[in-house]
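In my numbering, the protein residues as written are 258 to 698. Below is one structure, written out as structure tokens; the observations come after it.
Laid out in structure tokens, this is it:
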């Protein structure tokens, strides 16, 4: 019979292979997700009789669906991309049905649009579906397998053919109905149901390894190099702060991000050098996914505008740190004294996004420095910025859990970074699909 390996959620397999590893799903997991999970492919009576520990044969990667979603998005599987994929399935299925339809046949039912299909997929929480095994092939058994879906106009679901559904329970029948997209798209779709968010996504490799079809070395977690994003910043401080922020606040996706080595010095420090670095990478057609990050100040604005004039490929993007309301009235010291000023695009370097009320310092302020003639604005810098940076780098998961350090502003940076990286991943997918369609002709 062989040994199967599946990727599934709540017992619904979205993809499987037999007697070989199949698709590598390591990218949606991390090392802490490697655990022993009960398997219906193991003979537990034998383990009991022999006094053997089944754990090595139960090894799997398992992670809650809600914690898989951010990783899926960084791989390009946003809900918007899932919709485009579904719409393509609808078009292809409609064209196929129309080309094969006889004149005397009943009209083809209107297929569900994406909003309807999403509503259908999320209206039935997986654990609410009966998973009792039904082995009969008579009409009554098939009706029991369809369960609550008996009598529904299932022909409105693209690719549906009643004779092609191979199911043994209500839950597996539902799985066959929604499993019409790429496996990660199905997971992303099911994650939209709140009741599904805590369900485990499982990729169990233990039985396959035990049977000798693969070695454990083939099952490696974390984002692959081609899936990671190089984050290029203006200076070393930005690198240290962003790396620490990801480790503390986004540990579930931190392996997707790489940074320029600044252990000795920053090889491209300053906005001018960062723009030149970007121009060089674009000209030599580097395939890495890269995000160039500029401060939300006058220097950053100038550099970001110059970068915007370059023709960057889809795998590269430039961003400025986000403008925040809190910066629209911020203490600033200049020739005219201390006044509250809007420091967005003028003086909000990354240190301004840290907690500025720590350490017993005087109230934070920026100092106006040089005038940017081409922009008609002054550049400013946060006073005692090194102090605020050091205070942040001291933080731990435990100190943040105590709520004594304000991370709201640095969270805004991470949200923007994730959004831009996700957009790159989606663009890469779209480009790959265009090239595949071009090759087909």
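All C-beta atoms, glycine included, are put in the ideal place defined by N, C-alpha and C.
Other residues of its chain near residue 663: CB distance less than 8 angstroms, five sequence neighbours each side excluded: Only 612, 614 meet the Cβ criterion.
task: Would you decide whether residue 428 is buried or exposed? Buried here means 16 or more other CB atoms lie within 10 Å of its CB.
output: That one is buried.
- prompt: Out of 509, 619, 593, 437, which has the shortest C-alpha to C-alpha gap to residue 290?
  reply: If we check each option's Cα against that of residue 290, 509 comes out closest.
task: Leaving out five residues on either side along the sequence, give the residues of the same chain with a beta carbon under 8 angstroms from the beta carbon of residue 279.
output: Within the same chain, residue 279 has close Cβ partners 262, 272, 273.
message: Checking 8 angstroms against the spacing of the C-beta atoms, do residue 495 and residue 607 come in under that value?
response: Yes, these two residues count as a Cβ contact at 8 angstroms.
message: Cutting at 7 angstroms between CB atoms, please list the residues of its own chain near residue 463, excluding the five before and the five after it.
response: Counting only Cβ-Cβ distances below 7 angstroms, and skipping sequence neighbours, we find 296, 313, 314, 315, 316, 317.
message: With H, G and I counted as helix, E and B as strand and the rest as coil, what does DSSP make of residue 431?
response: Of the three classes helix, strand and coil, the one that applies to residue 431 here is helix, per DSSP.
task: Just mark residue 628 as buried or exposed, buried being the case when its beta carbon has 16 or more other beta carbons within 10 Å.
output: Counting Cβ neighbours within 10 Å, residue 628 comes out exposed, since fewer than 16 surround it.
query: CB residue 578 to CB residue 535, shorter than 8 angstroms?
result: At the C-beta level, residue 578 and residue 535 stay beyond 8 angstroms of one another.
task: Name the residue from 674, 436, 335, 357 whose alpha carbon lies nearest to the alpha carbon of residue 573.
output: It is 674 whose Cα lies nearest to the Cα of residue 573.
- prompt: Using the beta-carbon count (16 or more within 10 Å), is residue 474 buried or exposed?
  reply: Of the residues assessed, residue 474 falls on the exposed side of the cut-off, its CB having fewer than 16 other CB atoms within 10 angstroms.
- prompt: In terms of DSSP beta bridges, what is residue 702 paired with?
  reply: Nothing can be reported for residue 702, as the shown portion of the chain is limited to 258 through 698.
message: What does the Cβ neighbour count give for residue 651, buried or exposed, with the cut at 16 atoms within 10 Å?
response: With fewer than 16 other Cβ atoms within 10 Å, it is exposed.
query: Hey, how far is the Cα of residue 559 from the Cα of residue 626?
result: Rounded to whole angstroms, residue 559 to residue 626 spans 16 angstroms at the Cα level.
field: Identity of the residues DSSP links to residue 624 by a beta bridge
entry: By DSSP's assignment, residue 624 forms a beta bridge with 590, 638.
- prompt: Anyone know if the C-beta pair for residue 406 and residue 430 falls short of 8 angstroms?
  reply: Going by C-beta atoms, residue 406 is nearer than 8 angstroms to residue 430.
message: On the DSSP letters alone, give me the boundaries of the beta strand (DSSP E) that residue 574 sits inside.
response: Start and end: 573 to 577.
Endpoints, alpha helix (DSSP H) assigned at residue 371: In this chain, the alpha helix (DSSP H) harbouring residue 371 covers 371 to 379.
- prompt: Apart from the five residues on each side of it in sequence, which residues of its chain come closer than 7 angstroms, Cβ to Cβ, to residue 381?
  reply: Only 431 meet the Cβ criterion.
- request: Express the C-alpha separation of residue 342 and residue 451 in angstroms, rounding to a whole number.
  value: Taking the straight line from one Cα to the other gives about 23 angstroms.
query: With distances taken between CB atoms, is the gap from residue 685 to residue 571 smaller than 8 angstroms?
result: Yes, the Cβ-Cβ distance between residue 685 and residue 571 is below 8 angstroms.
task: Kindly give me the distance between the Cβ atoms of residue 637 and residue 603, rounded to whole angstroms, as I take these residues to be in contact under 8 angstroms.
output: Indeed, because the Cβ distance is near 6 angstroms, the residues count as touching under 8 angstroms.
task: Quick one: residues in its chain with C-beta nearer than 8 angstroms to the C-beta of residue 542, no 5 flanking neighbours on either side, listed in chain order?
output: Counting only Cβ-Cβ distances below 8 angstroms, and skipping sequence neighbours, we find 570.
- prompt: Can the beta-carbon of residue 434 be found less than 8 angstroms from the beta-carbon of residue 414?
  reply: Residue 414 sits close to residue 434, with the two beta carbons spaced by under 8 angstroms.
message: Can you give me the C-alpha to C-alpha distance between residue 267 and residue 357, rounded to a whole angstrom?
response: Near 37 angstroms, if we compare the C-alpha coordinates of residue 357 and residue 267.
field: Range covered by the beta strand (DSSP E) that runs through residue 293
entry: That run of the beta strand (DSSP E) goes 291 to 293.
task: Put residue 659 into one of helix, strand or coil per three-state DSSP.
output: Per DSSP, reduced to three states, the secondary structure at residue 659 is coil, with no helix or strand assignment.
field: Any non-hydrogen atom of the ligand ZN within 7 angstroms of residue 405 CB
entry: In the structure on display, the ligand ZN does not appear, and there are no ligands present to speak of.
query: Out of 568, 580, 622, which has the shortest C-alpha to C-alpha gap to residue 594?
result: The option with the nearest alpha carbon to residue 594 is 622.
task: In the DSSP assignment, find the unbroken beta strand (DSSP E) run with residue 320 in it and report its ends.
output: Per DSSP, the unbroken beta strand (DSSP E) holding residue 320 starts and ends at 316 to 321.
Alpha-carbon to alpha-carbon, residue 353 and residue 365: Each residue's Cα considered, the two are about 11 angstroms apart.
query: Which term fits residue 489, buried or exposed, when burial requires 16 or more other beta carbons within 10 angstroms of its beta carbon?
result: Buried, because 16 or more other Cβ atoms sit within 10 Å of the Cβ of residue 489.
Residues near residue 344 by beta carbon distance below 7 angstroms, same chain, minus five either side: Non-local beta-carbon contacts of residue 344 in its own chain, meaning distances under 7 angstroms to residues more than five positions away in sequence, involve 371 in chain order.
message: Please identify the residue among 512, 501, 448, 457 whose C-alpha is closest to the C-alpha of residue 477.
response: When each option's Cα is compared against that of residue 477, the closest is 512.
query: DSSP on residue 505, reduced to helix/strand/coil?
result: Looking at residue 505 - three-state DSSP - the assignment turns out to be helix.
query: Near residue 410, what residues of its chain come up, given a Cβ to Cβ distance below 7 angstroms and the 5 sequence neighbours on each side ignored?
result: Excluding positions up to five away in sequence, the list reads 366.
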